[in-house]
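*Asks:* Protein sequences, first through last, are from chains U and L.
Heads up: the first sequence runs through residues 12 to 252, numbered per the working numbering.
Heads up: the second sequence runs through residues 21 to 428, numbered per the working numbering.
Encoded as C-alpha cells, here's the structure I'll be asking about.
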Amino acid sequence: MSALPIADAAPLLELRGITKRYRMGDSHVHALQDVDLAITRNEYVAFIGPSGSGKTTLMNIVGCLDRPSAGTYFLNGKNVEDMDDTQLARIRNREIGFVFQNFNLLGRADALHNVMQPLVYRGTPLRERRRLATEALQRVGLAQRLDHLPNQLSGGQRQRVAIARALVGSPSILLADEPTGNLDSSTAQEIMAMFATLHEAGNTIVLVTHDAEVAAHAHRTITLRDGRVIGDARRATPGAA
Amino acid sequence: MRLLEAARAAWNAIRAHLLRAALTVLGMVIGVAAVIVVVAVLQGFAHTITSQFKSLGSNGLIIVPYETRRAALAGRQARLTPGDLIAIRQQVRGIEDVVPMLPMARFGGTVRYDNRSTASSITATTPAFARGGVQYPAQGRFIVPGDDATRRPVAVIGDAVIKNLSLPAHPEGHYIQMFGTWFKVVGVLNKLGTLLGVLNQDNQIYIPFETGVSLSGRSTPPEIVIQLQVARAREIDSIKSRITRVLRQRHHLQAAQQDDFKIQSSGQLIKALTKVFDIITLVVAGIVGIALLVGGVGIMNVLLVSVTERTREIGVLKSLGATRGDILLQFILEAVLLSILGALIGLSLGWGLSALVAHLVPPLAAARVPGWLVALALGFTAIVGLIFGIAPAAKAAALDPIDALRYE
Ligand SMILES: Nc1ncnc2c1ncn2[C@@H]1O[C@H](COP(=O)(O)OP(=O)(O)O)[C@@H](O)[C@H]1O
Ligand SMILES: [Mg+2]
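Here it is as C-alpha cells:
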C-alpha cells in the first residue's frame, strides 16, 4: 500500500449519472438519482445523510455488490457495467474491502480463518494465507485472539476482525457502512482512530454514516438526500477525533 | 486447489452440525447398511452351499434313483444297486473315483456304547469318499481299501456321535454297536457344524461300503447313490449318455419308458445356484438403490433448508469475492461429503452386523463384505449426493449478494 499524492491523481473511481430504481408494485422508488462522483486514491470520504437517503445503495454500487439501473461506473479505469457476475466477484475480492455495521463475520470460523477467507478466492496458498491474515490481525491489535470465535469477542474486537478481513488482500478501497453503529461510544472512538491510522498508511476509505460526528473524521463529506448528492465538502484541516 | 478449498468449507459446515448431519444421512446409513448385510449374508450362504457341491469338484457327477410320479403310482420303485456300480465301472471309460454311498439309516440308526444309545445317520462308502471331500478324518483314519475288501467292522464317526454317546475325546479303539454288530472306531471326522441351525452335519457315521452291503438285507439288493469324477470335463456329456445307456439296459427300460435315475453334475448345480443368488443380489441391490435415492432426497431437503438458514453467510462470502462457481462447488461437495459420510457409517454398521450374523449362524461363517460392494456403495452414494446436491447448490449460488446480506 503506497501512499499516492492526493492532488492531480486520476480518479480511482468515477460515477456518472448513476441511478438506482426499485419497483414497488406499480411505482418506482428512486434510491439514487443521477449521482456524479469521483474519488481519487488515498481520499478519506464520508457519505452522510439521513436514513433512507441512499447511502448504502451508493456504497453497494461502489463496492460492485449491486448494479445501477442507469449510469456508468469506472473503477480503476475499467467500466464495471460490462462485467459479468464472476468478474464482479473478482473485483470485490481484489479491489474492495467491506466493513459492515453488524460485522458479518463467519460464525463458525475463528478470527484467523475469517481474515483468511478472502484470500481463499484468490487461490493464495494456505501458508501464505495464514501469514497474511496473522499480520492483518496484528495490525488491528488482535494478535492474541487468532483462535477466538466471533461469539468469544467483544463488539469492538469483532469490528477489528472485520477490518483486518477487509484489509488482508490490500484492496484499492475500504468501504465501511455505519462501522460504529453497533458499538458504544468509546469503542467507536477506537475504531475511528484505526481508520485514521489506515488512511495515514495510504488506504482509500469510504465511510457511510448518518452521524455528523463520525463523518467529521473524514477529509471529504458527500451529503445525500432522497437519492441525490446535495453537498460535497473538502476540509483543509480534518476534524479532530 | 479450488476443489480442495470448497471441500474444506463443505467439511467445516458439516462438522459444525455433526449430529444434524448424522440424522440427515440416516436414510443413506440404513440403505447402505442393508445392502451390506444382505449381500454379505447371501454370499456367505451361497459360499456354504456351493462349497458342499464343490467337494465333488466341477467334474463331479451324482447318480440318484428317480421315478416319475406316474411310474411311482404304478408301483415301480427306482433303485441303484451295487450291480449298477460295477457295470458303470466296467463299461464306462473316462471316469475315476466312482464312490458309492449306501445310506444304512438316513435319519437315525441306533448306535450303542456302554449302556447309552443314540440315533445317527449311517452311510457305507469307499475310501475315495474322503478324497478331496468336505469330510476327512481329523483324528485317526478314514476307511482304507483293506477295510472295504475284507468287510471289516470299522467306523469313522462325527463329533456329535462322541458327545451323544459320551465317548472319550479320543475314541479310536473303542467299540460301538450298530445293526447288532460291534464296530471298532478308527477315526473321527472334522467338525462341520450345523446347516441352517437345523441339520447337525456332525451326527454322521461312515462304515466300509462292502461291510454295509453285507449287512443289508439279502433278499433285495441295497439301494445306493453313486458319485463319480469325470477325468476330462469336456467329456461330461458323452459320459452322461454312456451311463444312461448302461443303466437303462440294466434296468430293462423300454424305449418309451423314462429313466428311473437322474445324473446331476455339480458344475450345473453350482451354476444354477450361483444364478439364483446373483438374481437375489440384483433385486436387493435394486431395492436398496431406491432406498438410497430416497436418502438423497432427504439430503436435498435438509440442504435446501440449510441454504435458507445460511443465506446471510452466503452473502458475506459473495461480498468477500466468492463467485457463483465457488458457492456451487461448496454446496455440491457438502451434499457429496454428507452422502459419503452416510455411506461410511452405513458400511461400518453393515460390516458389524454381518460379522455378528456370521458369528451367530455358523453356516454363514463365510459371510463377508466384498470389496466391489464397498466401492459400489461409496460410488453410488457419492453420485446420489452429487445429483441431489445440485438443486440446493444452485439455489445458494444464485442468491443475490445484496438480498443475501440483508437477509434476517
Ligand atoms: N431492495 C430494495 N427494494 C426496495 N426499496 C429499497 C431497496 N433497498 C433500498 N430501498 C430504498 O432505497 C432508499 C435508500 O435506501 P438505503 O440506500 O438503504 O438508505 P440509507 O443507507 O441511506 O439509509 C430507501 O428509500 C429504501 O427504502
Ligand atoms: Mg444504510
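By construction, the Cβ of each residue, glycine as well, lies at the ideal position given by its N, Cα and C atoms.
Here the structure is a predicted model, which is why all the values come from computation and not from measurement.
Which ranges would you report for the alpha helix (DSSP H) in the stretch 314 to 386 of chain L if only whole runs of at least 4 residues count?
*Replies:* The qualifying runs are 331 to 339 and 344 to 380.
*Asks:* Looking at the C-beta of residue 141 of chain U, does it have a partner C-beta in chain L at a distance below 8 angstroms?
*Replies:* It does not: the Cβ of residue 141 of chain U has no partner Cβ on chain L nearer than 8 angstroms.
*Asks:* For residue 55 of chain L, is the classification buried or exposed, using 16 other Cβ atoms within 10 angstroms of its Cβ as the cut-off for buried?
*Replies:* Buried, since its Cβ has 16 or more Cβ neighbours within 10 Å.
*Asks:* Quick one: does the C-beta of residue 366 of chain L sit closer than 7 angstroms to a heavy atom of ligand 1?
*Replies:* Checking every heavy atom of ligand 1 against the Cβ of residue 366 of chain L, none is found closer than 7 angstroms.
*Asks:* State the beta-bridge partners of residue 9 of chain U as determined by DSSP.
*Replies:* Outside the shown range of chain U, which is 12 to 252, sits residue 9 of chain U, and nothing can be said about it.
*Asks:* Pair every Cβ in the stretch 400 to 417 of chain L with every Cβ in the stretch 90 to 102 of chain L, then say whether three or more of these pairs are closer than 8 angstroms.
*Replies:* Result no; under three Cβ-Cβ pairs closer than 8 angstroms.
*Asks:* Please check if any C-beta of chain L sits within less than 8 angstroms of the C-beta of residue 76 of chain U.
*Replies:* Judged by the 8 angstroms Cβ criterion, residue 76 of chain U is in contact with chain L.
*Asks:* Would you mind telling me which residues of chain U sit closer than 8 angstroms to residue 36 of chain L, beta carbon to beta carbon, in chain order?
*Replies:* Those are 119, listed as they occur along chain U.
*Asks:* Can you give me the C-alpha to C-alpha distance between residue 234 of chain U and residue 58 of chain U, rounded to a whole angstrom?
*Replies:* In a straight line, the C-alpha of residue 234 of chain U is about 6 angstroms away from that of residue 58 of chain U.
*Asks:* Using a threshold of 7 angstroms, is the CB atom of residue 66 of chain U nearer than that to any non-hydrogen atom of ligand 1?
*Replies:* At least one heavy atom of ligand 1 is nearer than 7 angstroms to the Cβ of residue 66 of chain U, so yes.
*Asks:* Enumerate in chain order the residues of its own chain whose CB-to-CB distance from residue 136 of chain L is below 7 angstroms, with the five nearest sequence positions on each side excluded.
*Replies:* Cβ within range, chain order: 185 and 186.
*Asks:* Please tell me whether, using a cut-off of 7 angstroms, the distance from the CB of residue 29 of chain L to the nearest non-hydrogen atom of ligand 1 is below it.
*Replies:* Residue 29 of chain L Cβ: outside cutoff for every heavy atom of ligand 1.
*Asks:* Can you list, in chain order, the residues of the stretch 126 to 150 of chain U whose Cβ is nearer than 7 angstroms to any Cβ on chain L?
*Replies:* The residues in question are 128, 129, 131, 132 and 134.
*Asks:* Work out the CA separation of residue 216 of chain U and residue 206 of chain U for me, nearest whole Å.
*Replies:* So the two alpha carbons sit approximately 8 angstroms from each other.
*Asks:* What residues from chain L crowd round residue 156 of chain U, counting only those whose CB sits closer than 8 angstroms?
*Replies:* Going along chain L, no residue has its Cβ under 8 angstroms from residue 156 of chain U, so there is no contact; the nearest lies around 19 angstroms.
*Asks:* Quick check: is the beta carbon of residue 85 of chain U nearer than 8 angstroms to any beta carbon in chain C?
*Replies:* In the structure shown, chain C does not exist; the protein chains are U and L.
*Asks:* Residue 374 of chain L CB to nearest chain U CB: under 8 angstroms?
*Replies:* No, no contact with chain U.
*Asks:* In three-state terms, what does DSSP make of residue 183 of chain L?
*Replies:* It is helical.
*Asks:* Can you tell me where the alpha helix (DSSP H) with residue 166 of chain L in it begins and where it stops?
*Replies:* Start and end: 165 to 169.
*Asks:* In three-state terms, what does DSSP make of residue 397 of chain L?
*Replies:* Helix.
*Asks:* So residue 298 of chain L contacts chain U; which residues on that side make the cut at Cβ distance below 8 angstroms?
*Replies:* Those within 8 angstroms of residue 298 of chain L in chain U number zero; the least Cβ separation is about 47 angstroms.
*Asks:* Using a cut-off of 8 angstroms between C-beta atoms, extract the partners of residue 338 of chain L located in chain U.
*Replies:* Near residue 338 of chain L (Cβ distances below 8 angstroms), the residues of chain U are 76, 100 and 103.
*Asks:* Looking at the structure shown, is residue 43 of chain U part of a helix, part of a strand, or coil, going by DSSP?
*Replies:* In the structure shown, residue 43 of chain U sits in a strand (DSSP, three-state: E or B).
*Asks:* Roughly how many angstroms separate the alpha carbons of residue 384 of chain L and residue 354 of chain L, rounded to a whole number?
*Replies:* For residue 384 of chain L and residue 354 of chain L, the distance between alpha carbons rounds to 38 angstroms.
*Asks:* Would you report the Cα separation of residue 225 of chain U and residue 65 of chain U, rounded to the nearest angstrom?
*Replies:* Near 18 angstroms, if we compare the C-alpha coordinates of residue 65 of chain U and residue 225 of chain U.
*Asks:* Name, going along the chain, the residues of the stretch 328 to 361 of chain L whose beta-carbon falls closer than 9 angstroms to a beta-carbon of chain U.
*Replies:* Answer in chain order: 332, 333, 335, 336, 337, 338, 339, 340, 341, 342, 343, 344, 345 and 346.
*Asks:* Quick check: is the beta carbon of residue 217 of chain L nearer than 8 angstroms to any beta carbon in chain U?
*Replies:* Low per-residue confidence applies at residue 217 of chain L: pLDDT is 49, beneath 50, and the placement is therefore not dependable, though the value from the model is reported in the following sentence. So no, residue 217 of chain L is outside the interface.
*Asks:* Can the beta-carbon of residue 336 of chain L be found closer than 8 angstroms to that of residue 115 of chain U?
*Replies:* Taking 8 angstroms as the Cβ cut-off, residue 336 of chain L and residue 115 of chain U qualify as a contacting pair.
*Asks:* Using the DSSP secondary-structure output, state which residues sit across from residue 197 of chain L in a beta bridge.
*Replies:* DSSP, once it has assigned bridges, lists L/132 and L/202 as partnering residue 197 of chain L.
*Asks:* With three or more C-beta pairs closer than 8 angstroms as the rule, is the stretch 171 to 186 of chain L touching the stretch 244 to 254 of chain L?
*Replies:* Contact fails: fewer than three Cβ-Cβ distances are below 8 angstroms.
*Asks:* Do residue 420 of chain L and ligand 2 come close, with the Cβ less than 7 angstroms from some heavy atom?
*Replies:* Residue 420 of chain L: no, Cβ never under 7 angstroms from ligand 2.
*Asks:* Closest by CA to residue 109 of chain U, which one among U/92, U/96 and U/128?
*Replies:* Of the candidates U/92, U/96 and U/128, the one whose C-alpha sits nearest the C-alpha of residue 109 of chain U is U/128.
*Asks:* Quick one: is residue 58 of chain U near chain L, going by C-beta distance under 8 angstroms?
*Replies:* No, residue 58 of chain U lies away from the interface with chain L (no Cβ there is under 8 angstroms from its Cβ).
*Asks:* Please compile the residues from chain U whose C-beta is within a distance smaller than 8 angstroms of the C-beta of residue 428 of chain L.
*Replies:* The premise fails here: residue 428 of chain L is roughly 10 angstroms from chain U at the closest Cβ pair, so nothing lies under 8 angstroms.
*Asks:* Could you tell me which chain L residues have their CB closer than 8 angstroms to the CB of residue 71 of chain U, listed as they occur along the chain?
*Replies:* The answer, in chain order, is 422.
*Asks:* Mind checking which residues open and close the beta strand (DSSP E) that includes residue 80 of chain L?
*Replies:* 80 to 85 is the extent of the beta strand (DSSP E) around residue 80 of chain L.
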